[in-house]
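Read through the structure below, which is laid out as C-alpha cells, and then see the notes.
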Amino acid sequence: MAMAESDPNVAGTIPRALAGRRFGDRAFKWFTLLMALTVFVLIVLIGCELADGSHLALRQFGWRFLVSSEWDPVSEQFGALPFVFGTLVSSAIGLIIAVPLSIATAVYLTELAPQWLRQPLTIFIELLAAVPSVILGLWGIFVMVPWLRVHLFPWLKGAFGFLPLFQGPIYGLSMLAGGIIIAIMVLPIITSMSREILRSVPGLQREAAYALGATRWEVTRIAVLSYAKKGLFGAVILGLGRALGETMAVTMVIGNNTQIAASLFAPGNTLASAIANQFAEATGDVYLSALFELGLVLLGVTVLVNAFAQLILKTFAGPSVTPQN
Amino acid sequence: MTAPNHRRRRFKNALMQVFTCVCAVLVTLPLFLVFFYLLKSGIGAVNGHFFTQLPAPPGETGGGMANAIVGTFELLGLAALVGVPVGVLGGVFLSEYGHSRLNWWVRFAADVLNGVPSIIWGMVVYGLIVRHGLGLNLFGAQVGLIDRGYSAWAGGLVLGLMMIPLIMRTSEEVLRLVPNGYREAALALGIAQWRTVVQIVVRTALKGIITGILLALARVAGETAPLIFTAFGNQFWNRSLADPIAALPLQIYYYAIGPYEDWHRQAWAGALVLLLLITVINVSVRVLTRDRFSQRHS
Amino acid sequence: MKLLNRCTLIAGAALAFAPLNSAFAQMLINGAGATFPAPIYQKWFYEYAKVDPAIRINYQSIGSGGGQQQIRAETVTFGASDGPMSDADLAKVPRKLLHIPTVAGADVLTYNLPGNPKLKVDGPTLVDLFLGKITKWNDPRLTGQNPGVSLPDQDIVVVHRSDGSGTTYIWVDYLSNISKEWETRVGRGTSVNWPVGLGAKGNEGVTGQVKQLPGAVGYVELIYAKQNKLPYADVKNAAGHYITPSIESVTEALATAKIPDDFRFSMVNPPGEKAYPIAGATWLLVYAEQQDAAKGRKLVEFLNWAMTKGESMAAALDYAPLPEAVQKRVLERIKTIKY
Numbered sequence: 010m011a012m013a014e015s016d017p018n019v020a021g022t023i024p025r026a027l028a029g030r031r032f033g034d035r036a037f038k039w040f041t042l043l044m045a046l047t048v049f050v051l052i053v054l055i056g057c058e059l060a061d062g063s064h065l066a067l068r069q070f071g072w073r074f075l076v077s078s079e080w081d082p083v084s085e086q087f088g089a090l091p092f093v094f095g096t097l098v099s100s101a102i103g104l105i106i107a108v109p110l111s112i113a114t115a116v117y118l119t120e121l122a123p124q125w126l127r128q129p130l131t132i133f134i135e136l137l138a139a140v141p142s143v144i145l146g147l148w149g150i151f152v153m154v155p156w157l158r159v160h161l162f163p164w165l166k167g168a169f170g171f172l173p174l175f176q177g178p179i180y181g182l183s184m185l186a187g188g189i190i191i192a193i194m195v196l197p198i199i200t201s202m203s204r205e206i207l208r209s210v211p212g213l214q215r216e217a218a219y220a221l222g223a224t225r226w227e228v229t230r231i232a233v234l235s236y237a238k239k240g241l242f243g244a245v246i247l248g249l250g251r252a253l254g255e256t257m258a259v260t261m262v263i264g265n266n267t268q269i270a271a272s273l274f275a276p277g278n279t280l281a282s283a284i285a286n287q288f289a290e291a292t293g294d295v296y297l298s299a300l301f302e303l304g305l306v307l308l309g310v311t312v313l314v315n316a317f318a319q320l321i322l323k324t325f326a327g328p329s330v331t332p333q334n
Numbered sequence: 120m121t122a123p124n125h126r127r128r129r130f131k132n133a134l135m136q137v138f139t140c141v142c143a144v145l146v147t148l149p150l151f152l153v154f155f156y157l158l159k160s161g162i163g164a165v166n167g168h169f170f171t172q173l174p175a176p177p178g179e180t181g182g183g184m185a186n187a188i189v190g191t192f193e194l195l196g197l198a199a200l201v202g203v204p205v206g207v208l209g210g211v212f213l214s215e216y217g218h219s220r221l222n223w224w225v226r227f228a229a230d231v232l233n234g235v236p237s238i239i240w241g242m243v244v245y246g247l248i249v250r251h252g253l254g255l256n257l258f259g260a261q262v263g264l265i266d267r268g269y270s271a272w273a274g275g276l277v278l279g280l281m282m283i284p285l286i287m288r289t290s291e292e293v294l295r296l297v298p299n300g301y302r303e304a305a306l307a308l309g310i311a312q313w314r315t316v317v318q319i320v321v322r323t324a325l326k327g328i329i330t331g332i333l334l335a336l337a338r339v340a341g342e343t344a345p346l347i348f349t350a351f352g353n354q355f356w357n358r359s360l361a362d363p364i365a366a367l368p369l370q371i372y373y374y375a376i377g378p379y380e381d382w383h384r385q386a387w388a389g390a391l392v393l394l395l396l397i398t399v400i401n402v403s404v405r406v407l408t409r410d411r412f413s414q415r416h417s
Numbered sequence: 357m358k359l360l361n362r363c364t365l366i367a368g369a370a371l372a373f374a375p376l377n378s379a380f381a382q383m384l385i386n387g388a389g390a391t392f393p394a395p396i397y398q399k400w401f402y403e404y405a406k407v408d409p410a411i412r413i414n415y416q417s418i419g420s421g422g423g424q425q426q427i428r429a430e431t432v433t434f435g436a437s438d439g440p441m442s443d444a445d446l447a448k449v450p451r452k453l454l455h456i457p458t459v460a461g462a463d464v465l466t467y468n469l470p471g472n473p474k475l476k477v478d479g480p481t482l483v484d485l486f487l488g489k490i491t492k493w494n495d496p497r498l499t500g501q502n503p504g505v506s507l508p509d510q511d512i513v514v515v516h517r518s519d520g521s522g523t524t525y526i527w528v529d530y531l532s533n534i535s536k537e538w539e540t541r542v543g544r545g546t547s548v549n550w551p552v553g554l555g556a557k558g559n560e561g562v563t564g565q566v567k568q569l570p571g572a573v574g575y576v577e578l579i580y581a582k583q584n585k586l587p588y589a590d591v592k593n594a595a596g597h598y599i600t601p602s603i604e605s606v607t608e609a610l611a612t613a614k615i616p617d618d619f620r621f622s623m624v625n626p627p628g629e630k631a632y633p634i635a636g637a638t639w640l641l642v643y644a645e646q647q648d649a650a651k652g653r654k655l656v657e658f659l660n661w662a663m664t665k666g667e668s669m670a671a672a673l674d675y676a677p678l679p680e681a682v683q684k685r686v687l688e689r690i691k692t693i694k695y
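Protein chains in written order, with this note's numbering: chain A, 10 to 334; chain B, 120 to 417; chain C, 357 to 695.
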C-alpha cells in the first residue's frame, strides 16, 4: 500500500485530516472493518473444525503423517506425502500453462483486439468459469483424456522423451491431465482479473507512450504491463488459490494413484481429490480423522504457498509499480 | 527509437498482436469444446418438460429439473445475501481505510480462503450448522436461527461464505484503481466521507465490482461438493427453506454418475441450462450497468 | 448503493418462495446413503408419493459410508448402505439400528479387447489380475480358460475405483474370500490400497476408462456394463461352474447365501450350483425405536409397501429382488419397529 501515498493517480487512503470527522463516517468505517475481519473468523472456524475432526489422526500419527507415503485404509496407516506432492505438482503445471495464456489474452482484450470483439470474448471467458467442475471432469474423461492419450502425450514422449518427466507408459489419466484441467479452470479467473487490472491503467500512461512514437505493443509493454505488474501478480495468486483447492474435475482425470512418480504421464493424486474420493464412504473413525487431517494439511499448504507468493511479490514486483516515465 | 529499427519494431508489434490473439483463441477454446459437447449430448433433452416437470423415475423417459432450476436460484439468492454485502464492504475497507499491515493480513487470509477446496467448506458448514443448528442466546432466551439438519439455509450459507473472499479481493482490486482525485474532489465539496465512498468511489468501480460478483456467483453456481452435505438435494419441490432443496449441479452430478443413457442426456441438458442461465445473468447485468457506468475507459 | 439494492431484490425474490411454499402441509422424510440402489429407491419413492400423497420421501445417494454416518448422527430418518455395518460401528450408534435388506446386485469384470469376446475366469485368476501378477492378456492362465478366444499379446491395464464404494467392498470381499494372500496383503474395505492400476471415480468413471483404454480391465456394477454395452466375464463359482452374471444368477446366490437373524450377511462365493459368486445385497438402516412418531409410522407403512409391491419393481431395473422367504422374514422384523 506504500504506492498509494506516493502516487496521486492511484487509489489509496484518504488524507487523515479529512477522515473520520462525523459519526456516520466512523460508523461506516467500523462496519466495513467488521466485514473485512470476517475472513479471519472464517479461517479460525475452518481451522478449528478441521483440527477438531482430525484429533484422532493427529494423536496417532503425529508428524509422521506429513512424511509418510503410505495410505492404507484397511490397516489404518495414513500418510499425506503423495497428496501434498500431487497438489503442488498439478497446481504448478496448471499455472505454468495458464499464466502466460491468460495474461496474453488479457492484453489482447484490453489493448490489441478490435473494439467489437472485446465484449463478446470477455463474456465467453467468464462463462468458462461457470462450467460446473463435474461437467468439466466428465468432458475431460470422454473428450480430453482420449485426445491427450492418442495425440499429445505420444508426441511429447517422442520430442522430450529424454526427460524423466515424459517417460513411462501412457494411460491418459495422469498428473499432466490433472494439470491441464486445472489450467482450464484457472484461465478465466486470471484472465478476467488481469483484464480488469489492465483496463484500469490510466489512459494518460498510454497516451504518454504513444506520444513518444511507440507502437501499440511497445505502449502495452512499457506503459501498461510494467505499471500493472503488481496487480497482475495478485490475479495469479487468485488463480493459485483455485488451483490448489480444485477438486471434482481434477479427481476425475488425475488417475488417483497414491504414489510419487517422476513421470507426468503417471497417475497421481491431490489432497482435495483424496478427500472428495473418500470422505463420503469413510466409516472408520481414524480413517475419517485422517481425511480431516488431509484438509488441515491442505489449509497449511495453501497458507505456505500464499506466503511464498507474497514474498516473491515483495521482492520482485514491489518497486516497479510506480510509473517509470 | 530511431528509424533503422522501425521495421523491426513494426514487425514485433504485428507478431505480438498475432500471438496474443492466438492465446485468446486458446483460452476460449475449452469453452467451445465443452459447449459443443454439451449441445451434442444434451440438446435432445431440453424441452418444455425440462423446465416444468420434476425428475422422472428411472426406467421412464422425460421428466425435467424444474425443482433444481428454482432451487439453484433460491440458493444463489441466499448466497448473494451473505456474500455480497460482506465481500463488497470488506473490499471497501481494504481499499479505503485499512492500515497497510492489517490489510496485508486480511488479503492474505482471503487468498488462503480462496484456496480452501469447496468440499472443506461443505464439511465445515455441515459440522457447524447441519449437525448442531445455529442459534443465539439472547438474554437467556434461545432464539433458533437455523434448525439442525439439511436445509436450503445451510446450502445458501456455504455458497455465500465461499463468495466472501473472492468478492472481497476483486472489489478491493477495482476500488483501488479509482483515482484519488475523485475522492479529494468529493471531500472538498464537503460530502461526508462515507457518502463519498458509497456514491463516488463504489459507483465508479461498480462495473468491476459486478464483474467480481458475477465471477463469484458463476463459480459457486456450479459447485456440487459443498452442497451434498448442506442443501442435500431433493427429488421434489422444496416447501420451506428449512428443508433440503434441489440444485442443478447436484441433480447433474447424480444423473451423470448414474447408469442410464437417459440420465446422462438429462445431465448434459442440465449442464447446458446451467451454462445458459449464467450467460443470461452475465449479459443482462452487463446491459443493465453499461449505460450509466461505462464512460470510464471509453 | 444501487448494486446492493439490486442484489437484495434478487435475494428477496428468492426468499419469497418460502412463505408461499410452507402453505402446503406435507411431511418430508429424508434418507441418504448408497449410490448403487439409488435408481430403484428413487423409483419406489416416486411411486409411493402416489400411494400416500401426504408424504414425500427424499433420498440422496451420498454414498454408503455417508449413509452410515448420517443415520448415526440422526440428520436423516433412514440410512442406506451397500455393506453391512461392522460391530464396531454398530456399537457407536445411539440406539438399536436395524438392517433391512432390499435388493441385490452383481459386480462384473469388464474389459476392452479387440472384438470384445466373452471371457471366462476363475477366482484365483481374478486375484492375480488385481495383484498385478498377470500382466499380459495372452497369459497362459487366461488363454487356458478361454480356448478358442484369441487373446492378444497386450499389456493389461487394471482400472479400479478411486472413491470409497460398496462396489469395491463386494469385489475385495470376494477376492479376500478365495485368497489368503489378498486378505493379508490388501484386505476388505470400501477403499483399499490397490497393488496396481489406475483409479477412476465412480462406476461411471471406471466404465469410461475401460471403454477407452485398449487392454483395460475393471469391475463395475452389472447394470453399468449392460447400459454401456461393455462385455463382462463369466466367473467360476464355488460349485465349479462358469456363471454369467444376471438377475437370475444373483437371486440364486441370495437364495443359497446364509442369512443370519440380524440380516447382516455377505453373499460372495455361495454354494449354489447356478449362483454368480460376486454379488452383494444393499440395506436400509432404520432405528428400532423411532423418535418422531408421525414419521416413524409413515416409514413403517412405506417399508411394508416396499417389501411387497416394491420388490416386484426391482427386476425391471436390473436389480435382483429378495427371495420370498427372505421378504417374509424382513416383514416380521419391520413389525418390531416402535414409534
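All C-beta atoms, glycine included, are put in the ideal place defined by N, C-alpha and C.
Remember, it's a predicted structure, so these values are computed and weren't measured experimentally.
### Query
Do you know offhand how far C/I634's Cα is from C/E604's?
13 Å
### Task
Could you name the residues of chain A that C/Q418 contacts, counting a contact when the two beta carbons are closer than 8 Å?
The sequence as given places Ile at residue 418 of chain C; Gln does not occur at that position. Result: A289.
### Message
With a threshold of 8 Å between beta carbons, is A/V83 in contact with chain C?
### Response
yes
#### Entry: Beta-carbon contacts of B/N233 that lie in its chain and below 8 Å, excluding the five residues immediately before and after
P284, L285 and R288
#### Entry: DSSP three-state assignment for A/F87, whether helix, strand or coil
strand
### Task
Give the straight-line distance between the Cα atoms of C/S532 and C/T600, rounded to the nearest whole angstrom.
21 Å
### Task
Let me know the secondary structure DSSP gives A/W80 once reduced to three states.
strand
### Query
Closest Cβ-Cβ distance between C/L641 and chain A: below 8 Å?
no
### Query
Is the Cβ of C/N377 closer than 8 Å to any Cβ of chain B?
Note that C/N377 has pLDDT 43, beneath the 50 cutoff, so the model's placement of it is unreliable and no number is given.
### Query
Taking all protein chains shown into account, do 16 or more other C-beta atoms lie within 10 angstroms of the C-beta of C/A379, making it buried, or fewer, making it exposed?
Caution is warranted here: a pLDDT of 40 is assigned to C/A379, below 50, making its placement in the model unreliable, and the coordinate value is therefore given only provisionally. It counts as exposed.
### Query
To the nearest angstrom, how far is it from the Cα of C/Y598 to the Cα of C/V573?
19 Å
### Query
Based on Cα-Cα distance, which residue from B/V249, B/G217, B/L221 and B/W272 lies nearest to B/T192?
The residue asked about is misnamed: residue 192 of chain B is Phe in this sequence, not Thr. Ranking the options by Cα distance to B/F192, first place goes to B/W272.
### Message
Against chain B, with Cβ distances strictly below 8 Å, would C/A429 count as a contact?
### Response
yes
### Task
Check each candidate in C/G439, C/V591 and C/T546 and name the one with the smallest Cα separation from C/E629.
C/V591
### Closer than 8 Å at the beta carbon, the chain B residues around C/L673
P177 and G178
### Task
Could you round the C-beta distance between B/H168 and B/G183 to whole angstroms and report it? I think they count as a contact, below 8 Å.
5 Å
### Query
Using a C-beta to C-beta distance shorter than 9 Å, which residues of chain C count as neighbours of B/N353?
L384, N386, R412, N414 and Q416
### Task
Please report the Cβ distance between A/L307 and A/L280, rounded to the nearest whole angstrom; I am assuming they are in contact, meaning their Cβ atoms lie under 8 Å.
4 Å
### Message
Let's test the definition: count the other Cβ atoms within 10 Å of the Cβ of B/C142 and tell me whether it reaches 16, buried, or not, exposed.
### Response
buried
### Cα-Cα separation, C/A388 to A/W125
51 Å
### Query
Is the number of C-beta pairs between the segment 377-392 of chain B and the segment 153-162 of chain B that are closer than 8 Å three or more?
yes
### Query
Is the beta carbon of C/P587 less than 8 Å from the beta carbon of C/N472?
yes
### Query
Quick one: is A/I150 near chain C, going by C-beta distance under 8 Å?
yes
### Query
What residues from chain B crowd round A/V262, counting only those whose CB sits closer than 8 Å?
The premise fails here: A/V262 is roughly 13 Å from chain B at the closest Cβ pair, so nothing lies under 8 Å.
### Query
Taking just the CA atoms, how far does B/L157 sit from C/V683?
With the sequence shown as reference, residue 683 of chain C is identified as Gln, and Val is not the correct amino acid for it. Cα to Cα, the separation comes out at about 43 Å.
### Task
Look at C/N468 and C/V432 and say whether their C-beta atoms are less than 8 Å apart.
no
### Query
Taking C-alpha atoms, which residue in A/N265, A/I52, A/E205 and A/L67 lies nearest to A/E120?
A/E205
### Query
Ends of the beta strand (DSSP E) at C/F486?
Per DSSP, C/F486 belongs to no beta strand (DSSP E); it is in the alpha helix (DSSP H), G479 to L487.
### Query
When the Cα of C/L485 is compared with those of C/Y415, C/W527 and C/Y675, which residue comes out closest?
C/W527
### Query
By the 10 Å Cβ neighbour count, where 16 or more other Cβ atoms means buried, how is A/W164 classified, buried or exposed?
exposed
#### Entry: Exposure of A/V19, with buried meaning 16 or more beta-carbon neighbours within 10 Å
Confidence in A/V19 is poor, its pLDDT being 44 and thus under 50, which makes the residue's placement too unreliable to answer from.
#### Entry: A/R68 versus A/A89: straight-line alpha-carbon distance, rounded
15 Å
### Query
If you draw a straight line from the alpha carbon of C/N377 to that of C/M383, how long is it in whole angstroms?
With a pLDDT of only 43 at C/N377, under 50, the local geometry of the prediction cannot be trusted, and no value is derived from it.
### Query
Under a CB-based cut-off of 8 Å, is C/L485 close to chain A?
no
### Query
Name the residues in the segment 180-193 of chain A whose C-beta lies less than 7 Å from a C-beta of chain C; which are they?
Y180, G181 and L182
### Message
Given this structure, state the Cα-to-Cα distance separating C/L371 from B/L334, to the nearest angstrom.
### Response
With a pLDDT of only 45 at C/L371, under the threshold of 50, the placement of this residue in the model should not be trusted; the figure read from the coordinates follows. Spanning the two alpha carbons is a distance of roughly 22 Å.
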